[in-house]
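So for the sequence shown, my numbering puts the first residue at 115; every next one is plus one. All residues carry an ideal CB built from backbone N, CA and C; glycine is no exception. Please read these numbers as outputs of a predicted model, since none were measured by experiment. Remarks on the structure that follows.
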Amino acid sequence: MARTPVTIVAVGDVHGHHRRMVALVERWTTHHGVVPDAVIQVGDCEPHRHLDDLTTMAGPSKHKRLGDFADFHEGRSRFPWPVYFIGGNHEPYGWLDQHPDGFELTHNCHYLGRAGSFEVRGVRVVGLTGIYSSNAPASRPHPNSIARHSNKDHIWTLPEDADVALDAGPAHVLITHDWPEDVLAQASAMDRRRHDTGNPHAQALLELLQPRFMFCGHMHTRHERAIEHDDAPPTTFVGLDHILSGNDAIYGFSITP
Ligand SMILES: [Zn+2]
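This is the structure:
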């Protein structure tokens, strides 16, 4: 008997606009006549329950807005399908880092942890949280640590996180927040817009896991291309735009393992 394909919808940086994300995916669902088995989100999700969560997020104060996650957490709104997200550089890490291996924040909303995976009918999605910096500290402070640390100390991807993500493979789908460094360098050369360094851990995972699809956020720009591998089918790479951009923030696909 033929296996039923698994339908997944990937969405870009949500930045606290959770109702907007639900509306965008619902529009995609109506248009395509398929209900997704899972929604995956590439970080900068901003699931703040209250102001205390917001104070544990790194970023300038003009970007610190509560968003509408509390409606979902308190049951006034709901996610119609399971949502799985990784952390970006703007998250309430005071809460998320209490659960470095991931957890369900509220019904149908799952954090994958610092590195993690989930599977739907044989299709495996692997995710890596945080962004890369060559100046990142070698370890992460405990969120309740009484020693002084800044919110920014929590945003980095560490090498051991990438090792956990690699061990979670093989992967059909890979999600990271910032882009693999070579992919970003080639894209920047094309559009000459941004010159971030990119993430060497994400690059290594792309090359070693050779997923069918890879999704990233962070740049708030849409970019799509095929990444060739010597001994595996190419990866469809998609950089997703900010959720408020609409269609450029969403990519739905069906996949059979
Ligand atoms: Zn963002």
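Classify Q324 as helix, strand or coil using the three-state DSSP reduction. coil
Tell me whether D158, by its Cβ, gets closer than 7 angstroms to a heavy atom of ligand 1. yes
Under a three-way DSSP split, which group does F193 fall into? coil
Euclidean distance between Cα positions of A340 and F351: 6 angstroms
Beta-carbon proximity check, E295 vs T311, cutoff 8 angstroms: yes
Sorted by chain position, which residues of the same chain lie with C-beta nearer than 7 angstroms to G331's C-beta, five sequence neighbours on each side aside? G126, D127, V156, G157, D158, G202, H291 and L354
Per DSSP, cross-strand counterpart(s) of Q155: V125 and F199
The region 207 to 222 touching the region 254 to 271, judged by at least three CB pairs closer than 8 angstroms: Taking a contact to require three or more Cβ pairs closer than 8 angstroms, the region 207 to 222 and the region 254 to 271 qualify as touching.
Buried versus exposed call for R235 [16 or more other C-beta atoms within 10 Å across all chains shown]: exposed
Rounded C-alpha distance that separates M171 from E342: 37 angstroms
DSSP three-state call for E218: helix, strand or coil? strand
Return yes when the Cβ of M328 is within less than 8 angstroms of the Cβ of T349, no when it is not. yes
Give the straight-line distance between the Cα atoms of L165 and F186, rounded to the nearest whole angstrom. 15 angstroms
Element boundaries [alpha helix (DSSP H), containing Y207]: Y207 to L210
V239 to L288 span [Cα, whole Å]: 6 angstroms
Give me, in chain order, the residues of the same chain whose beta-carbon lies closer than 6 angstroms to that of F183; leave out the 5 immediate sequence neighbours on both sides. H132, P161 and H162
Simplified DSSP assignment, three categories, for V139: If DSSP states are grouped into helix, strand and coil, V139 belongs with the helices.
DSSP state of L272 mapped onto helix, strand, coil: coil
Three-state class that DSSP yields for R339 in the structure shown: strand
Considering only their Cβ atoms, is the gap separating I369 from P119 smaller than 8 angstroms? yes
Would you say H145 touches ligand 1, meaning its beta carbon is less than 7 angstroms from a heavy atom? no
Taking Cβ to Cβ, would you say H145 is nearer than 8 angstroms to R192? no
Spatial neighbours of G227 within its chain, please: CB distance less than 6 angstroms, with the 5 preceding and 5 following residues excluded, ordered by chain position. P214, D215 and G216
Taking 8 angstroms as the threshold (C-beta atoms), are H286 and P251 in contact? No, the pair does not count as a contact, with Cβ atoms beyond the cut-off.
Kindly indicate which three-state DSSP category E295 falls into: helix, strand or coil? helix
Given this structure, state the Cα-to-Cα distance separating L168 from D267, to the nearest angstrom. About 15 angstroms.
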